[in-house]
Ligand SMILES: *Cc1c(COP(=O)(O)O)cnc(C)c1O
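In this note's numbering, the protein residues as written are 95 to 573.
This is the structure we're talking about:
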């Protein structure tokens, strides 16, 4: 574990690396509770619903004063998005059925800049993903890019409040209004989902007048990562619906085998309660004022870093200053590339990712720093110094691979190979140090001579009864 990177210096990740000791203590207390056992842990269930209510109102869900919001906690935005995609698909299916039309070829529209979970959702749930290509000078989906991709089989359009690549907000109102016009002209019901994984806990505090949420009537669902700017450790995301009617009731499952009726809309069943308690703590402890102060501070540290980088005269800023994030490319990559800078910074323990941009802008390679709550001004100053030192050094020790842009990918592959060798080296060293067999299988015997935990005999002795094998042509498995 000591060979891992240091979370606080991991500027690649959006995920929270600091919480107050009081929050940590409460999360530790809740670690023995399974959040899905709602009957056993009714107070945790109430905290979960209160989080949903608070976040739903933060996003302007149209609710009566005492009314509960519709939504659920999830492992992160990825699970929340999978669920949102299912809700869109079911709503579209119902609409098609009502019109007596087939519902066999669903598609979903998003920019090529979406996070990988959208591609996963398309593959896992067999939905065609229609990607609007971005460009190097505009790294996000626009109404013009989305429009030609939409048709009667489109279950929804995903807009990003904070692109993973450069933190940029998409023109959600523009895309929304375009989709509403198309729906009206064609009697379609293409919905808007907003992936606000990062911006959902930034925009409401820093740009309260920006119209991106349920104030736009066709925004039917929104996800946000509690563990990003929601300021909770990894393992919590939220999915909110505009109204109860926007979630097909058949997607909500009721079980009674833990006692009482428990309704859930999740992919997973069991989940630790700690992150829910952590989120509830943060919402109550910080309130709107606290989140606003933290986000304002992070934005000002990001701006400090941005200005220092601009002052080198060697970079182009690629973020739009929407969230606390700085993304930049090099004006001149003939002597060294962003990948060389990434490597040099790694020597100083900084983790600053360099990557090429999504389809339509593949030729653009950028570096990105996510400015989290615990990234202090001191750290920002040291980072800038280290970046400048790295660039000066690289200026005089030109990278062999940097000459042409086309070679960036080659270099990247080489770097991966190097990385894999390095990892293997480390693994070998650990193996040697611990006298254990390769970590690909459970050891037969523990160091203390305990009995084998599982034998091959146990694993393979359960033969399938042949009579269970023939269950018809369409069966692809038996559980
Ligand atoms: C981080 C991110 C995700 C995935 O979120 P997790 O909470 O890590 O599962 C999805 N979309 C966007 C835009 C993101 O930034």
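Even glycine gets a Cβ: it sits at the ideal position worked out from N, Cα and C. Given the structure is predicted, the values throughout are model-derived calculations rather than measurements.
Closer than 6 Å: residue i CB and nearest ligand 1 heavy atom
i, result
"residue 209", "yes"
"residue 292", "yes"
"residue 98", "no"
"residue 258", "yes"
"residue 588", "Look at the range of the chain in this structure, 95 to 573, and you will see that residue 588 is not part of it."
"residue 107", "no"
"residue 261", "no"
"residue 172", "yes"
"residue 415", "no"
"residue 428", "no"
"residue 254", "yes"
"residue 229", "no"
"residue 407", "no"
"residue 324", "no"
"residue 320", "no"
"residue 223", "no"
"residue 366", "no"
"residue 331", "yes"
Buried/exposed call for residue i, threshold 16 Cβ in 10 Å
i, result
"residue 219", "exposed"
"residue 199", "exposed"
"residue 572", "exposed"
"residue 99", "exposed"
"residue 438", "buried"
"residue 173", "buried"
"residue 186", "buried"
"residue 338", "exposed"
"residue 535", "exposed"
"residue 383", "exposed"
"residue 284", "buried"
"residue 376", "buried"
"residue 237", "buried"
"residue 568", "exposed"
"residue 548", "Residue confidence for residue 548 is low, a pLDDT of 46 falling below 50, so the modelled location carries little weight and cannot support an answer."
"residue 212", "buried"
"residue 95", "exposed"
"residue 299", "buried"
"residue 142", "buried"
"residue 387", "exposed"
"residue 329", "buried"
"residue 140", "exposed"
"residue 301", "exposed"
"residue 363", "exposed"
"residue 462", "buried"
"residue 570", "exposed"
"residue 105", "buried"
"residue 297", "buried"
"residue 400", "buried"
Cβ distance (whole Å) where residue i is taken to contact residue j below 8 Å
i, j, result
"residue 113", "residue 372", "7 Å"
"residue 419", "residue 408", "No, residue 419 and residue 408 are not in contact; Cβ-Cβ is about 20 Å, not under 8 Å."
"residue 244", "residue 273", "7 Å"
"residue 308", "residue 153", "5 Å"
"residue 421", "residue 413", "4 Å"
"residue 169", "residue 293", "Their Cβ separation, rounded to whole angstroms, is 20 Å, which puts residue 169 and residue 293 out of contact at 8 Å."
"residue 313", "residue 270", "7 Å"
"residue 392", "residue 442", "The pair is not a contact, with the Cβ atoms about 22 Å apart (cut-off 8 Å)."
"residue 110", "residue 263", "Not quite, the Cβ-Cβ distance comes to about 21 Å (not below 8 Å), so this is no contact."
"residue 103", "residue 481", "That belief does not hold up - the Cβ atoms of residue 103 and residue 481 are roughly 13 Å apart, past 8 Å."
"residue 359", "residue 345", "6 Å"
"residue 155", "residue 334", "6 Å"
Residues sharing a beta bridge with residue i, DSSP
i, result
"residue 357", "348"
"residue 450", "459"
"residue 410", "423"
"residue 315", "287, 335"
"residue 464", "419"
"residue 445", "104"
"residue 366", "128"
Beta carbon proximity, residue i to chain B, threshold 7 Å
i, result
"residue 189", "Absence of chain B from the displayed structure is noted, only one protein chain being present."
Segments of 3+ residues assigned as beta strand (DSSP E) that fall wholly inside the stretch 241-299: The DSSP assignment places 248-254, 285-289 as complete runs of the beta strand (DSSP E) inside the stretch 241-299, in order along the chain (cut-off: 3 residues).
Where in the stretch 126-189 do unbroken runs of the beta strand (DSSP E), each at least 3 residues long, occur, reported from the N-terminal end onward? Correct list: 164-168.
Continuous alpha helix (DSSP H) assignments of at least 4 residues falling wholly in the stretch 197-231: Listed in chain order, the alpha helix (DSSP H) elements of length 4 or more contained wholly in the stretch 197-231 are 210-218.
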